[in-house]
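Plus 4 on top of the position in the sequence shown (first one is 1) and you've got the numbering used here. Notes follow once the structure below has been shown.
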Amino acid sequence: MYRGYPIGYLLFWENGLPGEHRVMGMNKKQKAPSLLIVDGQQRLTALYAVIKGIPVVDKDYSKRPIRIAFHPQEQVFEVANPAIQRDPEWISDISLLWDPSSSHYRFVKDFIERLRKTRNISEQEVEIISDAIDRLYSLQSYPLTALEISSSVDEEQVADIFVRINSQGKSLNQADFILTLMSVVWDEGRAELERFCREAKKPSENNRPSSYNHYIQPSPDQLLRVSVALGFRWARLEHVYSLLRGKDLQTKVFSEEQRDRQFKFLREAQAYTLDLQNWHEFFKVIRMSGYPGSQLITSQLALVYTYALWLIGKRGFHVAPHRLRKALASWSFMVALTGRYTEGTESRMEQDLAMFRGLEDPEQFVEVLNRQIDAVLTEDYWEFTLTNDLATASARSTGQFAYYAALCLLDAQVLYSKMKVSELLDPSIRAPKAAIERHHLFPRKYLQSIGIGERRDINQVANYALVEWNDNVFISDRAPKLYALELE
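Written out as structure tokens, the structure is:
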């Protein structure tokens, strides 16, 4: 921008709703938001944060300022650091230049005076410095090109427009649209989602209840999917956005009544989804299925969708707590073992939700779950499908992790140890080395020495066992005939 280069289009989408929603701005400059940002949010956020000196929220939901430094003579920018902050040749934070409480003239004069205290400055340098700072100050008048899309254009077309004009940007998804709409219509709802996700990342202070757990650090769009599944019984989000805007899917007409009714469903579902008692009760289901923590979880989306089904069983069918936990634990194990939600996730979940339509009582809910488990985990699955799936060199095999979960359920001991697998997979243990490691029963170099060099053969699941890390170090690359008897 300082050099006059273009920074791309901004793409806005007309809200298509009446303007009585929350206002943006302060005092007399308040304005009801009529446009949603489709493309350019990062650019606008960065510019606003730097020019106004406002902290931004990073990916860990922590507020931090963006401090950009400027060297007037060399006319270069850098992210501020301690060395720059001590160097009088630099403006360590350009946000101060636009501070309304200070004048532009005084800012330039103070900078030159500070510089003169460290060295002599020629009149030519003063002119260069003044011109450079003036040019920087005038960036607040930099012209931006904005395109506005009519509210009559649907979200699929908007996404297509976005991709066409911004080939390097990420593709928009339906969750992006809904979360943006929540920021306009129900900002406190989105704030609740973000706060819940932020608190899930680290233990709470003073031992107060929080969403922190050892299984998942959810994102707002993941929890949104849970609320949508619970409130609307849909996994596909393509029509949810239109409904939340108040659009009648038949007549294509917007209605405030329709919008308010659909947002009421979402509010109720989200409150149930973010209820901390429900959240932590659900993790008992995952522990009952044998998975002690995130180290054996290969798909976060599998957890998300299983949580949605657990909430539906609890809220929609009133299944008794212990029975629901047992049924969903079996379901969770099947999902994790087979990688049920790894491909075509929305379609797969849509099919699962469809199984419960028309059902009314808890018996039917549990029966449908069990029937589906039996249909997937057949005798042929155990004898043929799983056997073939285990013939892999994948480091994160769903079958291998399910085997470890089974060892936890069976209270099995770690190989060559009196400690149990479940004890050493305790997620609360945090040490430089993992408590247990995967050990090649026939070590890699030993196999290579006898002519077996294919990675697929060496790293087969059947060649792995869990051992304590110090035993793994002791075994090293020795042949089983050299280490097994000694350790046994």
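Even glycine gets a Cβ: it sits at the ideal position worked out from N, Cα and C. Because the structure is a prediction, the values reported are computed rather than measured.
Nearest to K506 by CA position, among L197, S215, E196, is which residue?
-> There is simply no residue 506 to check, as the chain begins at 5 and stops at 492 in what is shown.
Using the Cα positions of F405 and V232, report the straight-line distance between them to the nearest angstrom.
-> 30 Å
Neighbourhood of H322 by C-beta distance below 7 Å, restricted to the same chain and skipping five residues each side = P366
Going by CA-CA distance only, name the one from S66, G44, I70, Y65 that's closest to I55.
-> I70
What alpha helix (DSSP H) runs, 4 residues minimum, are completely inside the segment 93-146?
-> 108-120, 127-141
In its own chain, which residues sit with a C-beta less than 7 Å from the C-beta of N19, not counting the 5 before and 5 after it?
-> P37, S38, L39, L40, S155, V188
Go to L39, then tell me how far its beta strand (DSSP E) extends in each direction, as first and last residue.
-> 39-43
Exposed or buried, what is F388 when buried is set at 16 or more other beta-carbons lying within 10 Å of its beta-carbon?
-> exposed
Compare the Cα-Cα distances from R229 to each of W17, Q274, R120 and report the closest residue.
-> Q274
Would you decide whether P207 is buried or exposed? Buried here means 16 or more other CB atoms lie within 10 Å of its CB.
-> exposed
So what does DSSP say about G23, is it helix, strand or coil?
-> Confidence at G23 is low in this model, with a pLDDT of 49, below 50, so the placement of that residue should be treated as unreliable; the coordinate-derived value is given next. Three-state result, G23: coil.
Would you say R460 and A397 are within 7 Å of each other, going by their C-beta atoms?
-> yes
In angstroms with no decimal places, state the Cα-to-Cα distance between E427 and Y245.
-> 45 Å
Does DSSP put H75 in a helix, a strand or coil?
-> strand
Complete runs of the alpha helix (DSSP H) confined to the segment 152-222 [at least 4 residues] | 159-169, 178-189, 191-203
Around the C-beta of H326, are 16 or more other C-beta atoms found within 10 angstroms, so that it is buried, or is it exposed?
-> exposed
Can L411 and V425 be called in contact, C-beta distance under 7 Å?
-> yes
Compute the distance between the beta-carbons of R202 and Y309, then report whether it is under 7 Å.
-> no
Classification of L486 by the beta-carbon crowding that lies within 10 angstroms, buried from 16 upward = exposed
Which term fits S432, buried or exposed, when burial requires 16 or more other beta carbons within 10 angstroms of its beta carbon?
-> exposed
In its own chain, which residues sit with a C-beta less than 8 Å from the C-beta of Q221, not counting the 5 before and 5 after it?
-> C201, A204, K205
For E364, which of helix, strand or coil comes out of DSSP?
-> coil
Report, in whole angstroms, the separation of the C-beta atoms of P92 and R118, which I expect to be a contact under 8 Å.
-> 5 Å
With DSSP collapsed to three states, give me the class of F321.
-> coil
Identity of the residue in A239, G343, D158, W102 nearest F252 by Cα | The sequence given here places Asp at residue 252; Phe does not occur at that position. Comparing Cα-Cα distances from D252 to each of A239, G343, D158, W102, the minimum goes to D158.
Since Y468 sits in a beta bridge, which residues does DSSP pair it with?
-> H444
Local Cβ density within 10 Å of M5, reported as buried at 16 or more and exposed below that | exposed
Run of the beta strand (DSSP E) containing L413, from where it starts to where it stops = It is not in any beta strand (DSSP E) - L413 instead sits in the alpha helix (DSSP H) that spans 402-413.
Note down, one range per segment and in chain order, each alpha helix (DSSP H) of at least 4 residues found wholly within the segment 243-284.
-> 244-248, 260-277
Distance, Cα to Cα, E129 vs A136?
-> 10 Å
Would you say the segment 261-276 touches the segment 325-342, given that touching needs at least three Cβ pairs under 8 Å?
-> no
Which residues bound the beta strand (DSSP E) around F2?
-> This structure leaves residue 2 out entirely; the chain is present only between 5 and 492.
Using a Cβ-Cβ cut-off of 7 Å (strictly less than) and excluding sequence neighbours within five positions of T346, which residues of its own chain qualify?
-> S303
Within 10 angstroms of its Cβ, does E364 collect 16 or more other Cβ (buried), or is it exposed?
-> exposed
State the CB to CB distance for the pair G317 and H218, rounded to an integer number of angstroms; the pair is presumed to be in contact (CB under 8 Å).
-> Actually they are not in contact, since the Cβ atoms of G317 and H218 sit about 23 Å apart, beyond 8 Å.
Output the distance between the C-alpha atoms of R90 and A84, rounded to the nearest integer angstrom.
-> 10 Å
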